[in-house]
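**Student:** For what it's worth, the working numbering labels the leading residue of the sequence shown as 253, then goes sequentially. Questions regarding the structure given below will be posed in turn.
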Amino acid sequence: MPKELKDDPLWYKKAVFYEVFPRGFYDSNNDGFGDLKGVTEKLEFLSWLGIDCIWLLPFYASPMKDGGYDISDFENVDPSYGTFEDLIELIDKAHSMGIRVISDLVVNHSSDQHPWFLESRSSRDNPKADWYVWSDDDSLYSNARIIFTDVENSNWAWDQVRQQYYWHRFYSHQPDLNYDNPEVQEVMLNVVKRWLDLGLDGFRLDAVSYLFQRNNTNCENLPETHEFLKLLRKEIDSRYPNRVLLAEVNQWPTDLVDYFGEDDECHMCFQFPLMPRMFMAVRREQRLPITEILSLTPNIPENCQWGLFLRNHDELTLEQVSDEERDYMFSEYAKDNRMKRHMGIARRFAPLVDNSRSIAELLHSMLFSLPGSPILYYGDEIMMGDNTYLKDRDSVRTPMQWTPDRNGGFSLANFEQLYLPPLMDPVYGYQSVNVESQFKNPGSFLQWIKKLITVRSNYQVFGSGKFEILHDDNPSIFAFLRYFEEQIGASELIEENTVVEVDNIEIIDQTSANKVLCIYNLSRFAQPAELDLSKYKGAKLVELSGRVLFPQITESPYRFTLGPHGYYWFEITDQI
Ligand code: GLC
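Here it is, written out as structure tokens:
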């Protein structure tokens with residue numbers, strides 16, 4: 253039975269997100285490009301998987317030189333993706349299935365094909381002359397780093413028409429909008445309203461840390477940016493209930509948390525610094541990279557939430573690690589130079605972990621239990637591969653593999669017409685890796701992750717509970733508690749439990765479970781663990797996926813044996 257959309261302002265704290273690249277998801281009209289109707293046709297699958305919110309990559313009109321992040325009309329759908337009506341149908345149908353839909357909002361820049369830019373560049377005194385950042389001097393703001401270091405050598409580009417330089421933080425075909433101009437702020441707020449009026453549940457705010465420029469600063473995280481975000485949030489709160497703003501801010505934890513404000517800026521931020529450290533920890537077989545970054549991460553306001561991810565449509569970014577750590581990551585995960593892009597690694601999850609099922613389970617169960625809401629990238633639920641021979645980040649944007657049939661069931665167009673070739677190699681190709689066969693195979697990764705989603709969704713403590721790391725002398729063991737501070741009388745709540753079935757295993761909907769213990773073995777060998785759980789003396793451990801009862805907790809250290817890359821989730825309860 254489909255879920256219902258609840259009137260819940262904090263829905264994003266419990267949600268599992270799923271990132272869709274509409275171009276690569278499903279081609280409904282067989283022209284070789286995935287489209288919005290294609291996403292609508294696959295909602296049944298997403299509903300079956302159990303996700304709560306789709307994040308749509310940009311679908312706005314665009315010359316598509318940067319996957320649609322180069323927008324030439326903020327108010328319309330790109331014709332290759334379909335129509336306005338297609339988007340409304342997608343949102344409405346998703347809502348009827350209890351799934352929310354957010355989309356990317358590229359606030360920082362537009363395409364150089366946008367009519368605003370064409371006008372702005374036409375002279376120095378046209379009505380939009382100050383809508384972008386122009387200068388005669390390309391040494392201005394020289395403290396700002398270049399983001400795409402491998403393809404751009406300056407943040408300024410010379411414009412032949414206006415005979416001036418314009419500012420761009422990303423590709424030179426993506427001029428930055430000038431937020432010092434109140435007209436620009438207003439027009440972007442109107443763009444926001446246009447899409448929210450259609451029923452979108454919020455936005456991922458693309459590249460939101462670069463909105464302003466000031467001399468002698470690195471032009472990131474400036475106070476003016478936070479003021480604009482507060483204004484945006486106020487507008488949303490005043491007219492649009494239950495919406496979410498998810499910030500894409502690739503910064504160090506102390507700067508990152510500023511984007512939550514005092515719960516008056518963004519509701520969510522991606523946990524960028526944690527992500528590469530999860531890959532580091534598993535390769536080093538030590539918890540330290542994870543525990544260290546978590547200890548450096550300040551607390552965030554009660555209603556705010558981290559967005560946790562392992563992979564996305566970009567390179568695995570290594571901006572938030574030290575030079576030494578970056579070298580380590582490149583040497584371990586990008587053995588070939590063609591795997592490197594910008595300041596990161598353009599590979600998908602499965603090839604990064606050498607297609608290891610046990611590491612995939614380990615990292616995903618961490619992703620689903622650490623503080624935050626997990627975000628899956630399309631195709632990672634079937635452990636799709638990549639094609640690092642494709643340019644830029646196309647390596648991780650190949651067509652979704654639905655079936656073992658022609659073009660992986662993505663499209664009936666001729667192979668030559670497809671926006672990118674589907675994977676066809678013997679390990680990751682669509683004949684071996686596809687939704688249809690994993691759906692039929694109870695032991696598949698797809699079925700495993702569906703079950704993980706169900707278990708997590710049944711325990712609210714993962715979404716909103718507090719977090720405490722437990723010490724173990726063994727450096728390969730990573731253990732922590734998720735708990736609610738208020739000990740609600742569990743016996744009263746137990747009567748409210750409902751039972752759902754996954755793979756014939758009954759899972760009790762324990763919204764009442766207020767203490768969960770998670771324990772992970774980061775090593776490829778079996779490991780012993782000993783945890784001091786004495787403060788819960790007398791309680792018992794119940795393993796969450798099978799509801800298996802473990803021995804009672806005593807004064808003595810509790811001993812576990814974990815298999816290679818093993819993990820457990822336990823409820824700590826005295827109600828049994
Ligand atoms: C964000 C997007 C990335 C894009 C860039 C410029 O970082 O995730 O795909 O290239 O912004 O818009």
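Virtual Cβ for every residue (Gly too), placed ideally from N, Cα, C.
Of all the options S461, L288 and L568, which has the alpha carbon lying nearest to the alpha carbon of E479?
**Tutor:** Numbered from its first residue, the sequence shown carries residue 479 at position 227. It is S461 whose Cα lies nearest to the Cα of E479.
**Student:** Skipping 5 residues on each side, what residues in its chain have a beta carbon closer than 7 Å to that of R446?
**Tutor:** Start at 1 with the first residue of the sequence shown, and residue 446 comes out as number 194. Once the five neighbours on either side are set aside, the close Cβ partners of R446 are E327.
**Student:** What first and last residue would you give for the alpha helix (DSSP H) that runs through M532?
**Tutor:** Counting from 1 along the sequence shown, the entry for residue 532 is found at position 280. Residues L526 to R536.
**Student:** Do A533 and P525 have their C-beta atoms closer together than 8 Å?
**Tutor:** Position 281 of the sequence shown, counted from the first residue, corresponds to residue 533. Position 273 of the sequence shown, counted from the first residue, corresponds to residue 525. No. Outside cutoff.
**Student:** Tell me which residues share the same chain as G717 and place their Cβ nearer than 6 Å to its Cβ, disregarding the 5 neighbours each side in the sequence.
**Tutor:** Position 465 of the sequence shown, counting from 1, holds the residue named residue 717. R734, Y735 and F736.
**Student:** Since K792 and L801 are thought to touch, with beta carbons under 8 Å apart, how far apart are those beta carbons, to the nearest angstrom?
**Tutor:** Within the sequence shown, numbered from 1, the residue matching residue 792 stands at position 540. Within the sequence shown, numbered from 1, the residue matching residue 801 stands at position 549. Confirmed, about 6 Å.
**Student:** Between the C-alpha atoms of D322 and H361, what's the straight-line distance to the nearest angstrom?
**Tutor:** Mapped onto the sequence shown, residue 322 falls at position 70. Mapped onto the sequence shown, residue 361 falls at position 109. Cα to Cα, the separation comes out at about 8 Å.
**Student:** Inspect the CB distances between the stretch 363-375 and the stretch 341-355 and report whether three or more fall short of 8 Å.
**Tutor:** With the cut-off at 8 Å, the stretch 363-375 and the stretch 341-355 do not touch.
**Student:** So, F601 versus L546, is the Cβ gap smaller than 8 Å?
**Tutor:** By 1-based counting over the sequence shown, the position of residue 601 is 349. By 1-based counting over the sequence shown, the position of residue 546 is 294. In this structure, L546 does not lie closer than 8 Å to F601 by Cβ.
**Student:** Assuming the contact rule is C-beta atoms closer than 8 Å, L560 and L622 should be a hit. Round their C-beta distance to whole Å, please.
**Tutor:** Taking the sequence shown and counting its residues from 1, the one referred to as residue 560 is at position 308. Taking the sequence shown and counting its residues from 1, the one referred to as residue 622 is at position 370. 6 Å between Cβ atoms; contact.
**Student:** What does a CB cutoff of less than 7 Å around H425 pick up in its chain, not counting 5 residues either side in sequence?
**Tutor:** The residue you call residue 425 lines up with position 173 of the sequence shown. Cβ neighbours of H425 beyond the five flanking positions: K317, D322, S363 and D364.
**Student:** Below 7 Å, is the gap between the Cβ of E472 and the nearest heavy atom of the ligand GLC?
**Tutor:** Translated into the one-based positions of the sequence shown, residue 472 becomes position 220. E472: no, Cβ never under 7 Å from the ligand GLC.
**Student:** Can you list, in chain order, the residues of its chain with a C-beta nearer than 7 Å to that of L474? Leave out the 5 residues immediately preceding and following it.
**Tutor:** Within the sequence shown, numbered from 1, the residue matching residue 474 stands at position 222. Excluding sequence neighbours, L474 sits near F464 and R466.
**Student:** Report the CB separation of D325 from Y312 in whole angstroms; it is logged as a contact under 8 Å.
**Tutor:** Residue 325 sits at position 73 when you count from the first residue of the sequence shown. Residue 312 sits at position 60 when you count from the first residue of the sequence shown. D325 to Y312, Cβ: 6 Å. Contact.
**Student:** Quick check: what's the CA-CA separation for D287 versus P274?
**Tutor:** For this step, residue 287 is matched to residue 35 along the sequence shown. For this step, residue 274 is matched to residue 22 along the sequence shown. Going by the C-alpha atoms only, they are around 5 Å apart.
**Student:** For the stretch 812-824 and the stretch 765-784, state whether three or more C-beta atom pairs, one from each stretch, are separated by less than 8 Å.
**Tutor:** The stretch 812-824 is in contact with the stretch 765-784.
**Student:** Would a C-beta distance cut-off of 8 Å place Y393 and N407 closer than the cut-off?
**Tutor:** In the sequence shown, counting from the first residue as 1, residue 393 sits at position 141. In the sequence shown, counting from the first residue as 1, residue 407 sits at position 155. In this structure, N407 lies closer than 8 Å to Y393 by Cβ.
**Student:** Throw me the rounded Cβ distance for the T264 and M520 pair, which I believe falls under 8 Å.
**Tutor:** Here residue 264 refers to the residue found at position 12 when the sequence shown is read from its first residue. Here residue 520 refers to the residue found at position 268 when the sequence shown is read from its first residue. Going by the sequence as given, residue 264 is Tyr instead of Thr. With 8 Å as the limit, Y264 and M520 qualify as a contact, their Cβ atoms being about 6 Å apart.
**Student:** Can you give me the C-alpha to C-alpha distance between P603 and I611, rounded to a whole angstrom?
**Tutor:** Taking the first residue of the sequence shown as 1, we reach residue 603 at position 351. Taking the first residue of the sequence shown as 1, we reach residue 611 at position 359. Using only the alpha carbons, I get a separation of about 11 Å.
**Student:** Alpha carbon to alpha carbon, how far is K289 from Y333? Give it in angstroms, no decimals.
**Tutor:** Looking up residue 333 in the sequence shown gives position 81. Looking up residue 289 in the sequence shown gives position 37. Near 8 Å, if we compare the C-alpha coordinates of K289 and Y333.
**Student:** When DSSP builds the beta bridges, which residues end up paired with P780?
**Tutor:** Residue numbering aside, residue 780 sits at position 528 when the sequence shown is read from its first letter. Its beta-bridge partners are T813.
**Student:** If you run the structure through DSSP and keep just helix, strand and coil, what is R649?
**Tutor:** The residue labelled residue 649 in the question sits at position 397 within the sequence shown. Residue state, collapsed to three classes: coil.
**Student:** Give the C-beta separation of G302 and K702 to the nearest angstrom, bearing in mind that I take them to be a contact with Cβ-Cβ under 8 Å.
**Tutor:** Here residue 302 refers to the residue found at position 50 when the sequence shown is read from its first residue. Here residue 702 refers to the residue found at position 450 when the sequence shown is read from its first residue. At roughly 6 Å, the Cβ-Cβ gap stays under 8 Å, so G302 and K702 are in contact.
**Student:** Pick out whichever of L672, K266, F277 and C471 has its Cα sitting closest to the Cα of A459.
**Tutor:** Taking the first residue of the sequence shown as 1, we reach residue 459 at position 207. Checking every option, the nearest Cα to that of A459 belongs to C471.
**Student:** Among residues of its own chain, excluding the 5 on either side of R609, which ones have a beta-carbon nearer than 7 Å to its beta-carbon?
**Tutor:** Here residue 609 is taken as the residue at index 357 of the sequence shown, counted from 1. Here the set comprises F697.
**Student:** Which residue from V444, D510, N468 and T506 puts its Cα closest to that of D489?
**Tutor:** Position 237 of the sequence shown holds residue 489. With distances taken between Cα atoms, D489 lies closest to V444.
**Student:** Just to check, is the beta-carbon of H565 closer than 7 Å to a non-hydrogen atom of the ligand GLC?
**Tutor:** On the sequence shown, position 313 is the one that residue 565 refers to. Answer for H565: yes, Cβ within range of the ligand GLC.
**Student:** Any heavy atom of the ligand GLC within a distance shorter than 7 Å of the CB on V358?
**Tutor:** Looking up residue 358 in the sequence shown gives position 106. True, at least one ligand heavy atom lies under 7 Å from that Cβ.
**Student:** Could I get the ranges of all uninterrupted alpha helix (DSSP H) runs contained in the stretch 272-311, with 4 residues as the minimum, in chain order?
**Tutor:** Whole alpha helix (DSSP H) segments, 4+ residues: 274-277, 288-293 and 295-301.
**Student:** Would the beta-carbon of F422 be found less than 7 Å away from any heavy atom of the ligand GLC?
**Tutor:** Residue 422 sits at position 170 when you count from the first residue of the sequence shown. Yes.
**Student:** Counting C-beta neighbours from all protein chains within 10 Å, is the total for G798 16 or more, i.e. buried, or is it exposed?
**Tutor:** Reading the sequence shown from its first residue, position 546 is the one you call residue 798. Its Cβ having fewer than 16 others within 10 Å, G798 is exposed.
**Student:** Taking three-plus beta-carbon pairs below 8 Å as touching, is the stretch 587-600 in contact with the stretch 655-664?
**Tutor:** Contact between the stretch 587-600 and the stretch 655-664 is absent, because fewer than three Cβ pairs lie under 8 Å.
**Student:** On the three-state DSSP scale, how would you describe W386?
**Tutor:** Numbered from its first residue, the sequence shown carries residue 386 at position 134. Three-state DSSP puts W386 in a strand.
**Student:** Considering only their Cβ atoms, is the gap separating G624 from Q557 smaller than 8 Å?
**Tutor:** For the purposes of this step, residue 557 is taken as residue 305 along the sequence shown, with counting starting at 1. For the purposes of this step, residue 624 is taken as residue 372 along the sequence shown, with counting starting at 1. Result yes, Cβ atoms of Q557 and G624 sit closer than 8 Å.
**Student:** When DSSP labels each residue in this structure, what does Y837 get in the three-state scheme?
**Tutor:** Not covered by the structure: residue 837. The range shown for the chain is 253 to 828.
**Student:** Who are the Cβ neighbours of W410 in its own chain at under 6 Å, not counting the five residues just before and after it?
**Tutor:** Position 158 of the sequence shown, counted from the start, is the residue given in the question as residue 410. For W410, where only same-chain residues beyond five positions count, the Cβ hits under 6 Å are Y417.
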